[in-house]
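S.K.: Below is one structure. I have some questions about it.
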Amino acid sequence: MHNGDWYESGPLRGRAAGNRQTDPANGREPPGSRRERASSRLRAVRAGVSGTLVATRRVLALVWSTSRGLTLSLAVVTALQSVIPALQIILAGRLIDAVVNGIQEGGDASVEPIVVLAALQLGLLLGASLLQTLGNISQQLLQERLAIHVQTLIMVHANSLDLADFENATYYDQLQQAQRESANRPVQMVAQVFNLARTVVTFATLLALLVGLSPWIAVLTLLSPIPAFISGSRYGWWGFQQMRRQSPVRRVLSYLTTLLTTDEYAKEVKLFTAGDHFIERFRVAATGYYDETRQLLVRRYLAGFGWGAITVIVSSGTFLYVAYLALRARITIGDLTIYTQAATQLQGAFQGLLGGVQGIYEHGLYLSTLYELLERQPTIAAPGNPMPVRRPFQEGIEFRNVSYRYPGNDALALDNVSFLIAPGETVAVVGRNGAGKSTIVKLLGRLYDPVEGQVLIDGHDLREYDPSQLRRQFGMMFQDYATYQFTAGENIGVGNVERVSDSAAIAQAAERAGASGVIDALPEKYDTTLGKWFEGGHQLSGGEWQKVALARAFMRDAQILILDEPTAALDAQAEHDLFSRIKELTEGRMALFISHRFSTARMADRIFVMDEGRLVEQGTHGELMLLNGRYASLFELQAASYR
Ligand SMILES: Nc1ncnc2c1ncn2[C@@H]1O[C@H](COP(=O)(O)OP(=O)(O)OP(=O)(O)O)[C@@H](O)[C@H]1O
Ligand SMILES: [Mg+2]
1021 MHNGDWYESG PLRGRAAGNR QTDPANGREP PGSRRERASS RLRAVRAGVS GTLVATRRVL
1081 ALVWSTSRGL TLSLAVVTAL QSVIPALQII LAGRLIDAVV NGIQEGGDAS VEPIVVLAAL
1141 QLGLLLGASL LQTLGNISQQ LLQERLAIHV QTLIMVHANS LDLADFENAT YYDQLQQAQR
1201 ESANRPVQMV AQVFNLARTV VTFATLLALL VGLSPWIAVL TLLSPIPAFI SGSRYGWWGF
1261 QQMRRQSPVR RVLSYLTTLL TTDEYAKEVK LFTAGDHFIE RFRVAATGYY DETRQLLVRR
1321 YLAGFGWGAI TVIVSSGTFL YVAYLALRAR ITIGDLTIYT QAATQLQGAF QGLLGGVQGI
1381 YEHGLYLSTL YELLERQPTI AAPGNPMPVR RPFQEGIEFR NVSYRYPGND ALALDNVSFL
1441 IAPGETVAVV GRNGAGKSTI VKLLGRLYDP VEGQVLIDGH DLREYDPSQL RRQFGMMFQD
1501 YATYQFTAGE NIGVGNVERV SDSAAIAQAA ERAGASGVID ALPEKYDTTL GKWFEGGHQL
1561 SGGEWQKVAL ARAFMRDAQI LILDEPTAAL DAQAEHDLFS RIKELTEGRM ALFISHRFST
1621 ARMADRIFVM DEGRLVEQGT HGELMLLNGR YASLFELQAA SYR
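In the numbering used here, the protein residues as written are 1021 to 1663.
Laid out in structure tokens, this is it:
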């Protein structure tokens, strides 16, 4: 299989050697010897051709797997359509000859052949129209099916990728391009492949008609559309490059649109009256985007017009020549019709042929982004023979000299962190903003792998386990928990999808998280849709949302409960209620919670103090106070503000 980099070197244009590139904005060719240019151009053409073949095969397979029936019906319809133009022309020619005959001979005998021919033509036209209709139905249905199929593919694939992929701008560029381009292009591409086959047949039949008249007219007719084809392909390539280049700008534009059109930002945007500022940014970015697009677009169509004129001139000349032949009575009037029509249609067919190739090539380029996305492989995956996870854990969790650095960051987020959490133990992690607390949680959930060191459970590196098996052991609440615009029940239930409709389990989780009061007050209790995105949605307060998110973490029969600032939005009473029950809630399991409130942190069996990525102190509240270090000073600071 091709490695997908063929779109890096365009066809019919020199780019392969070095980074030289014809700039479409000024149209100048790069410097370099003619020979070098020619050979690099040849290489590029070869890459374009083989890339297009690969793309065609992949897309045919994709469309075939989407719906065999519809693909077949599109193929059959296209095949039948291929012979229609020649039949139509022959019938029209014969009809004219029959009419001319009738005029010359007179009498009723000449009427019959005319009627028969007219009836045949009627049948043919109706047939053609029916085929067109069936073709449209198949193509559109296939398009709809395929759009759903590809969207599902993208979702399934995205679901398998690493968290780090989602924190990467290139990924979003790819994702957006793939989504934009892959709904319609595959079917268009396949339709074009079929059409190409059809055009080849049509082309051959028409060519046979024309060669009978004059071989050199046939040759001229064939050559005249080639310049337009070359120009079209080059612009197609530039257009694709431009699309890739502009992808980040388009994302900025769509982000700015989101800022002004969704509830998430509406409050702030209005209160800070920042709307006009964002709109202005949009205007500026959109204008630049438009200018760049316009330049290429105008050039592309003007060039198409210019080269296309050659075709028009040739076909006019042919017409004149054939008219001359008819005038000299070297051919019949019917022949005249056949030849002129055949010439025009042949040219059309040939243009269709070249245009088809160009279109397939261009669709292939755009679809390459979809395959790039689908070829992206997660680095965090199950090993061949994963360790079974023990229930209950025997030795607990260990961080052994763990360091982690986020991609693109210089500083270490975790710097040589080592600790042990025994089965049944409850640990609180404290420390200032950016100290690395949430990073510990993410490494534990194997959302990232450490840069150095190891995270172990029961003495085995996390990498020896199947990540999904492992994650099933965790009941997690993230600092930036999700707020699903679904029912309250589903919001909690997705914490354990196997029991998403188990109302007793959901109610119990809500009870433990202190969320049942909130939900009982809702008009339809657990069936109330939360948020404002969907009809009948009921918005919750910040703290109420947090209670629901917390309940989600309690849905699982987890071996370890991990709560990242679970009470940040809770009122003092709710926080007190939660932590006074923390022993009972974590009975028989391990718990790791992060908190900025020392009054709650002290309820843990042990406390870890993080500072600039390092674990600087650990112990019970009493021990750390005695140590009189970082913990003691932060504790005193907070306590003093309450006095
Ligand atoms: N997704 C990310 N990509 C890149 N860098 C990140 C990411 N998340 C965190 N960081 C960096 O890692 C450092 C540690 O972040 P972390 O979220 O672990 O801090 P924290 O202790 O949880 O802070 P807080 O109390 O504010 O929640 C931060 O300085 C931040 O710059
Ligand atoms: Mg954090």
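Glycine is no exception: its CB is placed at the ideal position from the N, C-alpha and C atoms. Values in this document were obtained by computation on a predicted structure and should not be read as measured data.
1) Do the stretch 1409–1421 and the stretch 1104–1112 meet, that is, are 3 or more Cβ pairs less than 8 Å apart?
2) Check the DSSP bridge columns for Leu1216 and list the partner residues they point to.
3) Would you say Gly1473 and Asp1631 are within 8 Å of each other, going by their C-beta atoms?
4) Determine the burial state of Ile1627: buried for a count of at least 16 other Cβ atoms within 10 Å of its Cβ, exposed for fewer.
5) Got a sec? Which residues, its chain only, sit under 7 Å from Gly1379 by beta carbon, not counting five neighbours each side?
6) Does Arg1599 pass the burial test, meaning 16 or more other C-beta atoms within 10 Å, or should it be called exposed?
7) Could you check which residue in Tyr1381, Gly1127, Leu1243 and Asn1429 has the C-alpha nearest to that of Val1255?
8) Which residues in the same chain have their Cβ closer than 8 Å to the Cβ of Val1422, if we skip the five residues on either side of it in sequence?
9) How is Leu1647 classed by DSSP in three states: helix, strand or coil?
10) Grab me the residues of Ala1621's own chain with a C-beta within less than 7 Å of its C-beta, minus the 5 sequence neighbours each way, in chain order.
11) Ends of the alpha helix (DSSP H) at Gln1179?
12) Rounded to a whole number of angstroms, what is the C-alpha to C-alpha distance between Leu1644 and Ile1602?
13) Helix, strand or coil, according to DSSP, for Pro1044 in the structure here?
14) Quick one: complete beta strand (DSSP E) runs, 3+ long, within the stretch 1334–1380?
15) Using only the alpha-carbon positions, how far apart do Leu1226 and Trp1257 sit?
16) Heavy atom of ligand 1 less than 7 Å from the Cβ of Thr1459, yes or no?
17) Might you give, ordered along the chain, the residues of its own chain that have their beta carbon closer than 6 Å to the beta carbon of Tyr1651, omitting 5 neighbours on each side?
18) Look at the alpha carbon of Thr1357 and the alpha carbon of Ala1112, and state the distance between them as a whole number of angstroms.
19) When we look at the beta-carbon of Gln1489 and count the other beta-carbons within 10 Å, is it buried (16 or more) or exposed?
20) Along the chain, which unbroken stretches of the alpha helix (DSSP H) at least 4 residues long are found entirely within the stretch 1189–1262?
21) What whole-angstrom Cβ distance do Ile1237 and Gln1199 have, given they're in contact under 8 Å?
22) Taking only heavy atoms of ligand 1 into account, decide whether any of them is closer than 7 Å to the Cβ of Gly1451.
23) Of the residues Glu1187, Thr1086 and Arg1634, which one's Cα is nearest the Cα of Arg1420?
24) With DSSP as the reference, label Arg1634 as helix, strand or coil.
25) What number of angstroms, rounded off, separates the C-alpha of Phe1249 from the C-alpha of Leu1374?
26) Do you know how far the Cα of Thr1459 is from the Cα of Leu1482?
27) Once you ignore the five residues that flank Ala1594 on each side, which residues in its own chain have a CB closer than 8 Å to its CB?
28) With a threshold of 7 Å (Cβ to nearest heavy atom), would Gly1456 be considered close to ligand 1?
29) Could you tell me whether the stretch 1568–1576 touches the stretch 1495–1511, using the rule of 3 or more Cβ pairs below 8 Å?
30) Classify Thr1172: buried if its beta carbon has 16 or more other beta carbons within 10 angstroms, exposed otherwise.
31) Does DSSP put Ser1087 in a helix, in a strand, or in coil?
32) When burial is assigned at 16 or more other CB atoms within 10 Å of the CB, is Ser1335 buried or exposed?
33) Which residues does DSSP list as the beta-bridge partners of Gly1495?
34) Within 7 Å: the Cβ of Tyr1255 and any heavy atom of ligand 1?
35) Evaluate Glu1049 with the Cβ neighbour count: other Cβ atoms within 10 Å of its Cβ, from every protein chain shown; 16 or more gives buried, anything less gives exposed.
36) Is the stretch 1189–1206 close to the stretch 1385–1392, with three or more CB pairs under 8 Å?
M.R.: Walking through what the data contain:
1) The stretch 1409–1421 vs the stretch 1104–1112: no contact.
2) Note: Leu1216 sits in no beta bridge, so no partner.
3) Not in contact: Gly1473 and Asp1631 (Cβ atoms no closer than 8 Å).
4) Counting C-beta atoms within 10 angstroms of its own C-beta, Ile1627 has 16 or more neighbours from the protein chains shown and is therefore classed as buried.
5) Within the same chain, Gly1379 has close Cβ partners Gln1212.
6) For clarity, residue 1599 is Phe in the given sequence; the question names Arg instead. Around the beta-carbon of Phe1599, 16 or more other beta-carbon atoms lie within 10 Å, marking it buried.
7) Correcting the residue type first, residue 1255 is Tyr in the shown sequence and not Val. Measuring C-alpha to C-alpha distances from Tyr1255 to each of Tyr1381, Gly1127, Leu1243 and Asn1429 identifies Tyr1381 as the nearest.
8) Excluding sequence neighbours, Val1422 sits near Leu1434, Asn1436, Val1437, Ser1438, Leu1463, Pro1470, Glu1472, Gly1473, Gln1474 and Val1475.
9) It is helical.
10) The residues are Ala1448, Val1450, Ser1615 and Ile1627.
11) Rather than Gln, the amino acid found at residue 1179 in this sequence is Asn. Residues Val1131 to Ser1180.
12) Between Leu1644 and Ile1602, the C-alpha separation is close to 21 Å.
13) With a pLDDT of only 41 at Pro1044, under 50, the local geometry of the prediction cannot be trusted, and the value read off the model is given with reservation. When secondary structure is reduced to three states using DSSP, Pro1044 falls in the coil class, being assigned neither helix nor strand.
14) List check, beta strand (DSSP E) in window: nothing returned.
15) A direct Cα-to-Cα measurement between Leu1226 and Trp1257 gives close to 31 Å.
16) At a cut-off of 7 Å, the beta-carbon of Thr1459 counts as near ligand 1: some heavy atom of the ligand is closer than that.
17) Spatial neighbours of Tyr1651 in its own chain (CB-CB distance under 6 Å, excluding positions within 5 residues in sequence) are listed in chain order as Val1629, Glu1637 and Leu1644.
18) Straight-line Cα distance between these residues: approximately 7 Å.
19) Its Cβ having fewer than 16 others within 10 Å, Gln1489 is exposed.
20) Along the stretch 1189–1262, the alpha helix (DSSP H) occurs as fully enclosed runs of 4 or more residues at 1189–1201, 1205–1233 and 1235–1243, listed in sequence order.
21) Contact doesn't hold; Cβ gap of about 48 Å is too wide.
22) Yes, the beta carbon of Gly1451 sits closer than 7 Å to at least one heavy atom of ligand 1.
23) That would be Arg1634, whose Cα lies nearest to the Cα of Arg1420.
24) In the structure shown, Arg1634 sits in a strand (DSSP, three-state: E or B).
25) Spanning the two alpha carbons is a distance of roughly 6 Å.
26) If I take the Cα positions, the gap works out to 16 Å.
27) Counting only Cβ-Cβ distances below 8 Å, and skipping sequence neighbours, we find Gly1534, Gly1563, Lys1567 and Thr1587.
28) True, at least one ligand heavy atom lies under 7 Å from that Cβ.
29) With the cut-off at 8 Å, the stretch 1568–1576 and the stretch 1495–1511 touch.
30) Under this definition Thr1172 is an exposed residue.
31) Three-state DSSP puts Ser1087 in coil, outside helix and strand.
32) Per the 10 Å Cβ criterion, buried.
33) Beta-bridge pairing links Gly1495 to Leu1581.
34) No, the beta carbon of Tyr1255 sits no closer than 7 Å to any heavy atom of ligand 1.
35) With a pLDDT of 46 at Glu1049, under the threshold of 50, the modelled position of that residue is not reliable, and no figure is offered here.
36) Judged by Cβ distances under 8 Å, the stretch 1189–1206 makes contact with the stretch 1385–1392, as three or more pairs qualify.
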